[in-house]
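Asks: In the numbering used here, the protein residues as written are 1 to 469.
Cβ coordinates follow ideal geometry from the N, Cα and C atoms, glycine included.
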Amino acid sequence: MADHNSGNNLHGSNKKQGRWGLFFFLVAMFFFVFFLITTNTAPRGNEMAYTEFVSRVSQGQVDSVRIIDQTRIRGVLRDIRTEDGLFYTFIPYTDPSLMPLLEENRVRVTGGETGVSLWMYILQFAPTLLLLVFVILMIRQSQGQGNRAFQFGKSQARRYEQGNKNITFNDVAGQEEAKHELQEVVEFLKNPQKFVKMGARIPKGVLLVGMPGTGKTMLARAVAGEADVAFFNISGSDFVEMFVGVGASRVRDLFEQGRKSAPCIIFIDELDAVGRTRGAGYGGGHDEREQTLNQMLVEMDGFDTKDGVIILAATNRPDVLDPALLRPGRFDRQVVVAMPDIREREAILRIHASKIPLDSTVDLQRFARATPGMSGADLANLVNEAALYAARKDKETVESPDFEEARDKILMGVARKSMVMPEKDRRMTAVHESGHALLHYYLKNADPLHKVTIIPRGQALGLAVSLPE
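#1: Using DSSP's beta-bridge definition, name the partner residues of ARG556.
#2: Taking all protein chains shown into account, decide if ASP269 is buried (16 or more other Cβ within 10 angstroms of its Cβ) or exposed.
#3: When the Cα atoms are used, what is the spatial distance from VAL206 to LEU312?
#4: Helix, strand or coil for TYR93, going by three-state DSSP, please let me know.
#5: In terms of residue numbering, what span does the beta strand (DSSP E) encompassing ALA464 cover?
#6: Return the bridge partner residues of SER235 from the DSSP annotation.
#7: With DSSP collapsed to three states, give me the class of GLY413.
#8: Decide if the stretch 432–444 is in contact with the stretch 392–405; the criterion is three or more beta carbon pairs, one per stretch, under 8 Å apart.
#9: Could you say which of GLN175, VAL172, PRO203 and ALA173 lies nearest to GLU187 if we only look at CA atoms?
#10: Could you compute how far the alpha carbon of ALA406 sits from the alpha carbon of VAL398?
#11: Starting from ILE310, follow the alpha helix (DSSP H) in both directions and report where the run begins and ends.
#12: Under the three-state reduction of DSSP, which class applies to LEU443: helix, strand or coil?
#13: Restricting to Cα atoms, I'd like to know which of GLY213, SER360 and PHE87 is closest to ASN381.
#14: Can you say whether MET374 is buried or exposed, counting buried as having 16 or more other CB atoms within 10 angstroms of its CB?
#15: Please confirm whether ARG457 and ASP408 have their CB atoms less than 8 Å apart.
#16: Less than 8 Å separating the beta-carbons of ILE265 and ALA224?
#17: Using a 10 Å radius around the Cβ and a threshold of 16 neighbouring Cβ atoms, would you call GLU177 buried or exposed?
#18: Using 8 Å as the threshold, is the stretch 167–176 in touch with the stretch 218–237, meaning 3 or more CB pairs across them?
#19: In this structure, does DSSP put ASN147 in helix, strand or coil?
#20: Which of the three DSSP states is assigned to GLY75 in this structure?
#21: I'd like to confirm the pairing. Which residues does DSSP put opposite LYS451 in its beta bridges?
#22: To which residues does DSSP link LEU207 through a beta bridge?
#23: Leaving out the 5 sequence neighbours to the left and right, which residues in its chain are closer than 7 Å to LYS216 when beta-carbon positions are compared?
#24: What separation, rounded to the nearest whole angstrom, lies between the Cα atoms of LEU271 and PRO318?
#25: Provide the residue(s) that pair with ALA460 in DSSP beta bridges, ordered along the chain.
#26: Pair every Cβ in the stretch 319–334 with every Cβ in the stretch 348–363, then say whether three or more of these pairs are closer than 8 Å.
#27: Compute the distance between the beta-carbons of GLY258 and PHE231, then report whether it is under 8 Å.
#28: Roughly how many angstroms lie between the CA atoms of LEU101 and VAL54, to the nearest whole one?
#29: Looking only at C-alpha atoms, which of LEU379, ARG416, PHE31 and ARG278 sits nearest to PRO127?
#30: Using three-state DSSP, classify VAL362 as helix, strand or coil.
#31: Pop quiz: PRO263 and VAL298 are said to be a contact at Cβ under 8 Å. What is the actual Cβ separation, rounded to whole angstroms?
#32: Quick check on the DSSP output: the alpha helix (DSSP H) that includes ARG392 runs from which residue to which?
#33: Between the Cα of ALA386 and those of ASP402, LEU461 and ASP378, spot the shortest distance and give me the residue it belongs to.
#34: Would you decide whether ASP69 is buried or exposed? Buried here means 16 or more other CB atoms lie within 10 Å of its CB.
#35: Given that a residue counts as buried once 16 or more other Cβ atoms are within 10 Å of its Cβ, and exposed if not, what is ALA248?
#36: Can you grab the Cα-Cα spacing for the pair TYR93 / LEU129, in whole Å?
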């Protein structure tokens with residue numbers, strides 16, 4: 001995957017360099033043409049006043065002239081054959097006596113274009129041509145990269161193809177009840193005839209409800225991985241824009257992509273961003289978000305589960321969702337993704353710890369006991385912080401003190417070891433924390449005491465930490 005992404009980045013970089021190279025080439029060509037025009041149109045020789053020119057012709061000092069147009073004349077003096085003999089002059093008025101004067105003094109007269117008009121035409125149309133080329137480049141760029149300025153109504157969903165999803169239920173620790181509920185969706189996507197034959201109707205939509213970090217998105221991807229079908233992932237906030245009608249257009253485009261890719265799973269994260277109860281916004285019924293929600297309701301009514309498209313959504317605020325979303329026929333099944341218990345926390349720690357060089361003395365069960373209330377994302381962060389501490393100390397493996405330090409940092413904040421405390425405040429803090437320690441020791445139903453410290457962490461001057469059983 002990394003190689004594929006790097007290849008895409010390299011390809012995009014080459015395209016960008018090519019466009020900039022063409023742009024600079026066109027600019028250079030423009031200045032080159034301008035230089036040629038100015039050098040060719042600039043008169044050669046010394047400028048001569050028209051009265052002086054007439055006088056020299058009368059005196060027989062002019063050898064030949066070239067009449068450029070009605071206002072310009074170039075000529076060569078008779079006795080001077082070097083560059084100093086070249087001159088030019090401008091005719092200020094129509095002089096009918098000029099040609100007889102030239103003939104009388106035997107001045108060789110030539111005329112015609114010198115090619116300047118061609119350069120003038122090029123100079124005249126060059127800016128228009130450059131502007132046309134620039135517009136063509138902009139249009140090609142917008143088509144090649146899906147520029148938002150030209151594709152407001154297109155869905156922003158990220159698609160994961162079949163075979164590219166390495167996540168299955170085995171990668172999701174715990175959540176057995178949620179996985180059992182979602183197993184029906186997997187079975188339907190794998191073998192729909194099994195349910196159709198019995199006349200059963202699989203739910204069109206499944207709503208995953210749980211606190212942030214509990215693994216709702218990972219469960220949705222695991223369903224797609226188990227069923228080996230295409231997976232579309234989009235956030236609810238990606239539907240809504242400041243322009244009216246864009247959200248509804250994106251909803252239509254998303255469901256159209258789903259029908260073309262069936263069987264597939266469409267996963268909408270943070271559904272509450274677009275699915276809030278209608279009538280609560282400042283814009284009333286004409287609010288853009290409500291139009292997007294209306295279109296989503298229409299699309300969910302407009303397809304059958306026989307098409308092989310299953311809608312999964314996730315939220316941590318089911319109480320604010322519009323009732324029309326939760327009625328049977330839409331998101332008619334809710335799966336609660338709960339916070340992990342001690343066994344699930346240990347399993348999650350083992351999955352993430354398998355990716356780091358873990359010391360054999362680390363007791364993950366003890367750290368599972370020491371992390372009540374932590375979600376799966378918090379536990380993944382705990383393992384990562386422990387690995388960072390070990391790397392800072394140039395260790396070969398991640399040890400228990402690294403996990404302790406990471407846990408204390410996440411739960412209590414960074415240790416403020418440089419803080420200077422007055423002796424009186426330090427003594428008062430020590431007495432206070434000692435009181436906590438005595439209570440933990442003498443109370444029968446209290447959790448066992450794990451650590452007492454008067455090193456300030458976060459906003460606390462001292463801490464007494466228990467270890468639940």
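Replies: By the coordinates alone:
#1: Missing from the structure shown is residue 556; the chain here goes from 1 to 469 and no further.
#2: Position 269 of the sequence shown, counted from the start, is the residue given in the question as residue 269. By the neighbour-count rule (16 or more Cβ atoms within 10 Å), ASP269 is buried.
#3: In the sequence shown, the residue the question calls residue 206 occupies position 206. In the sequence shown, the residue the question calls residue 312 occupies position 312. Each residue's alpha carbon lies about 5 Å from the other.
#4: Position 93 of the sequence shown, counting from 1, holds the residue named residue 93. If DSSP states are grouped into helix, strand and coil, TYR93 belongs with coil.
#5: Here residue 464 refers to the residue found at position 464 of the sequence shown. Element bounds for ALA464: 463–466.
#6: Against the sequence shown, residue 235 aligns to sequence position 235. Answer by DSSP bridge pairing, in chain order: ASP269.
#7: Locating residue 413 in the sequence shown gives position 413, counting from the first residue. Looking at GLY413 - three-state DSSP - the assignment turns out to be coil, as it is neither helix nor strand.
#8: no
#9: For the purposes of this step, residue 187 is taken as residue 187 along the sequence shown, with counting starting at 1. Per the Cα distances, PRO203.
#10: Along the sequence shown, read from residue 1 onward, the residue named residue 406 stands at position 406. Along the sequence shown, read from residue 1 onward, the residue named residue 398 stands at position 398. Approximately 11 Å between the Cα atoms of the pair.
#11: By one-based count along the sequence shown, residue 310 stands at place 310. That residue, ILE310, is in no alpha helix (DSSP H); its beta strand (DSSP E) goes 309–315.
#12: The sequence position of residue 443 within the sequence shown is 443, counting from 1. Of the three classes helix, strand and coil, the one that applies to LEU443 here is coil, per DSSP.
#13: Counting from one through the sequence shown, the residue named residue 381 turns up at place 381. With distances taken between Cα atoms, ASN381 lies closest to GLY213.
#14: Residue numbering aside, residue 374 sits at position 374 when the sequence shown is read from its first letter. MET374 is buried by the Cβ-count criterion.
#15: Position 457 of the sequence shown, counted from the start, is the residue given in the question as residue 457. Position 408 of the sequence shown, counted from the start, is the residue given in the question as residue 408. Against a cut-off of 8 Å, the Cβ pair of ASP408 and ARG457 comes out as a contact.
#16: For the purposes of this step, residue 265 is taken as residue 265 along the sequence shown, with counting starting at 1. For the purposes of this step, residue 224 is taken as residue 224 along the sequence shown, with counting starting at 1. Yes, the Cβ-Cβ distance between ILE265 and ALA224 is below 8 Å.
#17: Translated into the one-based positions of the sequence shown, residue 177 becomes position 177. Exposed, because fewer than 16 other Cβ atoms sit within 10 Å of the Cβ of GLU177.
#18: yes
#19: Translated into positions along the sequence shown, residue 147 becomes position 147. Any reading at ASN147 needs caution, since the residue's pLDDT is 48, under 50, leaving its predicted position unreliable; the model's value is listed next. Residue state, collapsed to three classes: coil.
#20: For the purposes of this step, residue 75 is taken as the residue at position 75 of the sequence shown. Of the three classes helix, strand and coil, the one that applies to GLY75 here is strand, per DSSP.
#21: Position 451 of the sequence shown, counted from the first residue, corresponds to residue 451. Paired residues: VAL465.
#22: Here residue 207 is taken as the residue at index 207 of the sequence shown, counted from 1. DSSP output for LEU207 lists ALA313 and GLN334 as bridge partner(s).
#23: Position 216 of the sequence shown, counted from the first residue, corresponds to residue 216. Cβ within range, chain order: LEU208, GLY210, ALA314 and VAL337.
#24: For this step, residue 271 is matched to residue 271 along the sequence shown. For this step, residue 318 is matched to residue 318 along the sequence shown. Distance between the alpha carbons of LEU271 and PRO318 is about 9 Å.
#25: Residue numbering aside, residue 460 sits at position 460 when the sequence shown is read from its first letter. According to DSSP, which records beta bridges pairwise, ALA460 is partnered with ARG457.
#26: no
#27: Locating residue 258 in the sequence shown gives position 258, counting from the first residue. Locating residue 231 in the sequence shown gives position 231, counting from the first residue. Contact flag unset, no.
#28: Indexing the sequence shown from 1 puts residue 101 at position 101. Indexing the sequence shown from 1 puts residue 54 at position 54. If I take the Cα positions, the gap works out to 8 Å.
#29: Looking up residue 127 in the sequence shown gives position 127. The residue with the shortest Cα to Cα distance from PRO127 is PHE31.
#30: On the sequence shown, residue 362 is found 362 positions in, with the first residue counted as 1. Three-state DSSP puts VAL362 in coil, outside helix and strand.
#31: Within the sequence shown, residue 263 is the residue found at index 263, counting from 1. Within the sequence shown, residue 298 is the residue found at index 298, counting from 1. Not really, about 22 Å apart at Cβ, beyond 8 Å.
#32: Taking the sequence shown and counting its residues from 1, one reaches residue 392 at position 392. Looking at the DSSP string, the run of the alpha helix (DSSP H) that includes ARG392 is 376–392.
#33: Translated into positions along the sequence shown, residue 386 becomes position 386. Minimum Cα distance to ALA386 is reached at ASP402.
#34: What you label residue 69 is simply residue 69 of the sequence shown in a count that begins at 1. Result: exposed.
#35: Counting from 1 along the sequence shown, the entry for residue 248 is found at position 248. With 16 or more other Cβ atoms within 10 Å, it is buried.
#36: Taking the sequence shown and counting its residues from 1, the one referred to as residue 93 is at position 93. Taking the sequence shown and counting its residues from 1, the one referred to as residue 129 is at position 129. Spanning the two alpha carbons is a distance of roughly 37 Å.
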